Amino acid sequence: MKKIRIKQTRGFTLIELLVVIAIIAILIALLLPAVQQAREAARRSQCKNNMKQIGLAMHNYHDAYNTFPPGYITKTPCSSAGVWSGCNQGELGVYGWATSVLPYIDQAPLYNLLNSGRVTLDQNLANATVRQALQSPIPVFLCPSDPGPNLNDYTSASNNYNFNVTDGTNSYQIARSDYVMMANAWDSTTPPVYATQYGPAHGVGFANSSVKFRDIIDGSSNTILVGERAYVYKSSNRIGGANVIGFSGSNNTQSSSYARKGNGMAVVGLTYNGINAVAGAEHDVRGFSSNHVGGAHFVFCDGSVHFLSENIDYKKGTVSVATHVQDINSTFQRLAVRDDGQVVGEY
C-alpha cells in the first residue's frame, strides 16, 4: 500500500516577523526626512514661482500706467497734523496693491467684478456674490509652506490689528495672502502714513504711492518690491500674514485709535525686527517672515527673486531717524529703500 506524504510548509516565527517590522520601521525613519525635504523643496520652488509672477505683474502694470501700483489707496491721507487723529480712526474698504495687478495674474474676471474704480470695497462686501469671490483664495498669493487658513481671521486688540474687512455693518474675513509690498525701512507704520512729522516713506509701496522706475535711484536690482509674510511662523507664532484685496481701518462697533496705521500692515510691510523675527510677537505683523528654513523670498524691482537669509546684516532703525535716509547702516534696510544712495554689499 502506497503511503501519502503531506508536505509541511514552515512559517515565520514571531521573532522573525518582529525583526522584519523593525527593519521596515528603520527604513521609513531614514526615508521620511528625505521625503519631507523633497516636499519642502517643491513648496519653496512654488513660492518662488509665485513671486516671479507677482514681479512680472508689477512690471506689466508699470508698462500700462508708468508707475508701480500704490501700496494702498486711502481717501484721507495723513498729510498734516490737522488730519492725523481723523485718519487714524480708519476708513472703510481700502483697496490694496494686489487689486491693481489682478488683470496681470489671470484674474481679470475678479478685477472686473470688483470694479474698484467705481465701487468701494465695503460696497462690494455688502453684495453676497462679490463677497463670495473676495473669500475665494488666489493660489498665486499663497505660499504652500504656510499652514495658515484660506481666510484671514487675524485680530489683535492690544496692537490695533484687525485684518477683517467691514461693509459698515458686518465684519467679514477675506482671502489671505502671504506677500506684502515694501513700504519703508524702519520700525513703525507711521512713516508711510504720516509724512509730515517723520518724513516720507522710502520704499516702493505705501499710502497713495506712485513710484516710478526713475524714482528708484538705488537701482531696481538693489531695491525690494515685495516680500513674504507668513500667517503662522514656526507652527506656533501667529503673525497674521496679509490680505489679498485690502483692509478696513475700523467698523461701526469698534473704533481704534490707530486703526489705519495698524491695518495698513495687511498689505504693506517694514523691515522692523529683520527677517523671521519672533522678538515682538504681535509687532512682527509689520515685518517679513516665512516657514522656509533660514530666510524668506523677496522679489526685487527688476523682477528677480532672491532668498534672503534671516541672518542678513540688519540694525534696527527707529522713526526718529526716518528723515535721514542716508544714515541707514545695514544691508537689509538699504535693500528696503529706493533712494538712500548707498552701495549695497554682499547679501
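Residues in the sequence shown are numbered consecutively from 167, following my numbering. C-beta atoms are modelled at their ideal positions from N, C-alpha and C, and glycine is treated no differently. All values reported here derive from a predicted model rather than from experimental measurement.
Do Asp344 and Arg395 come within 8 Å of each other at the CB atom, strictly closer than that value?
Going by C-beta atoms, Arg395 is nearer than 8 Å to Asp344.
query = What three-state label does DSSP hand Thr233 in the structure shown?
reply = Reduced to three states, the DSSP call for Thr233 is coil.
> When you compare each of Ile382, Leu474 and Asn429 to Thr233 by their alpha carbons, which one comes out closest?
Replying inline: Minimum Cα distance to Thr233 is reached at Ile382.
**Request:** Using three-state DSSP, classify Val471 as helix, strand or coil.
**Result:** If DSSP states are grouped into helix, strand and coil, Val471 belongs with the strands.
Item to complete: Over the uninterrupted alpha helix (DSSP H) stretch that includes Val296, give me the two end residues.
Response: If you look at Val296, you'll find it in the alpha helix (DSSP H) that goes Ala294 to Leu300.
Worksheet item: Rounded to a whole number of angstroms, what is the C-alpha to C-alpha distance between Ala230 and Leu198?
Response: Linking Ala230 to Leu198 through their CA atoms gives a straight-line distance of about 48 Å.
### Message
Suppose contacts are defined by Cβ-Cβ distances below 8 Å. Is Val296 in contact with Ser414 by that definition?
### Response
Cβ distance not < 8 Å, so Val296 and Ser414 don't count as in contact.
Practice problem: Identify, in the order they occur along the chain, each residue of the same chain with its Cβ nearer than 7 Å to the Cβ of Asn328, setting aside the five sequence neighbours on each side. | Solution: Around Asn328, the same chain offers Thr321 and Asn429 as residues with beta carbons nearer than 7 Å, after the five sequence neighbours per side are excluded.
Subject >> C-beta contact flag for Leu436 and Thr355 at 8 Å >> reply: Taking 8 Å as the Cβ cut-off, Leu436 and Thr355 qualify as a contacting pair.
Between Ala341 and Leu317, is the Cβ-Cβ spacing less than 8 Å? With contacts defined as CB atoms closer than 8 Å, Ala341 and Leu317 qualify as a contacting pair.
Exercise. Have a look at Pro275, Leu280 and Glu257 and flag the residue whose alpha-carbon is nearest the alpha-carbon of Gly334.
Key: Here the closest residue by C-alpha is Glu257.
| field | Tyr227 and Ser282 closer than 8 Å at C-beta | value | At the C-beta level, Tyr227 and Ser282 stay beyond 8 Å of one another.
* Asked: Hey, would you say Asn409 sits closer than 8 Å to Ala373, going by beta carbons?
  -> In this structure, Asn409 keeps its C-beta atom at 8 Å or more from the C-beta atom of Ala373.
CA-CA distance, Ile239 and Ser375?
Straight through space, the alpha carbons of Ser375 and Ile239 are spaced by roughly 8 Å.
- request: Compute the beta-carbon to beta-carbon distance between Gly412 and Asn442, rounded to the nearest angstrom, for a pair I have assumed lies under 8 Å.
  value: Going by Cβ atoms, the distance from Gly412 to Asn442 rounds to 26 Å, so no, they are not a contact pair.
| request: Give me the Cα-Cα distance between Thr419 and Asn330, rounded to the nearest whole angstrom. | output: Caution applies to Thr419, whose pLDDT of 39 falls short of 50 and renders its modelled position unreliable; the value that the coordinates give is listed next. Going by the C-alpha atoms only, they are around 13 Å apart.
By a C-beta neighbour count over all protein chains shown, 10 Å radius and 16 as the cutoff for buried, is Leu193 buried or exposed? Exposed.
Inset, instruction - Could you pull the start and end residues of the beta strand (DSSP E) that Leu436 belongs to? - result: That run of the beta strand (DSSP E) goes Val434 to Leu436.
query: Is it right to say Ser311 is buried, meaning 16 or more other beta carbons lie within 10 angstroms of its own, or is it exposed?
result: Under this definition Ser311 is a buried residue.
Keeping to the same chain, check which residues put their C-beta closer than 6 Å to that of His472; ignore five residues upstream and five downstream.
Taken in chain order, the residues that qualify are Phe464.
### Task
Rank Gly314, Phe466 and Met348 by C-alpha distance to the C-alpha of Asn403 and give the top, closest one.
Ranking Gly314, Phe466 and Met348 by Cα distance to Asn403 puts Gly314 first.
task = Alpha carbon to alpha carbon, how far is Ala191 from Met544? Give it in angstroms, no decimals.
result = Because the chain spans 167 through 513 in this model, residue 544 falls outside it and cannot be assessed.
message = What does the alpha-carbon distance come out to for the pair Arg284 and Leu276?
response = Taking the straight line from one Cα to the other gives about 14 Å.
Discussion item. Closer than 7 Å to a non-hydrogen atom of the ligand ATP - does that hold for the CB of His472?
Written reply: Annotation note on the ligand ATP: not contained in the displayed structure, which lists no ligands.
- Task: Out of Gly511, Leu184 and Val451, point me to the one whose CA is closest to Ser387's CA.
- Result: Out of Gly511, Leu184 and Val451, Gly511 has the C-alpha closest to the C-alpha of Ser387.
Check: What separation, rounded to the nearest whole angstrom, lies between the Cα atoms of Met217 and Ala208?
Finding: Approximately 14 Å between the Cα atoms of the pair.
**Asked** What does a CB cutoff of less than 8 Å around Lys481 pick up in its chain, not counting 5 residues either side in sequence?
**Response** Excluding positions up to five away in sequence, the list reads Asn495, Ser496 and Gln499.
* Asked: Are the Cβ atoms of Ala502 and Ala351 separated by less than 8 Å?
  -> Pairing Ala502 with Ala351 gives a Cβ-Cβ distance under 8 Å.
Under the three-state reduction of DSSP, which class applies to Gly430: helix, strand or coil?
The answer is helix: DSSP assigns Gly430 an H, G or I state.
Exercise. Using a Cβ-Cβ cut-off of 6 Å (strictly less than) and excluding sequence neighbours within five positions of Asn417, which residues of its own chain qualify?
Worked result: Low confidence applies here, because Asn417 scores a pLDDT of 45, under 50, leaving its location unreliable; read the following figure in that light. Excluding residues within five positions, the ones whose Cβ falls inside 6 Å are Thr332 and Ser337.
| query | How many Å lie between Asn293 and Ser302 at the Cα? | reply | Their backbone Cα atoms lie some 15 Å apart in a straight line.
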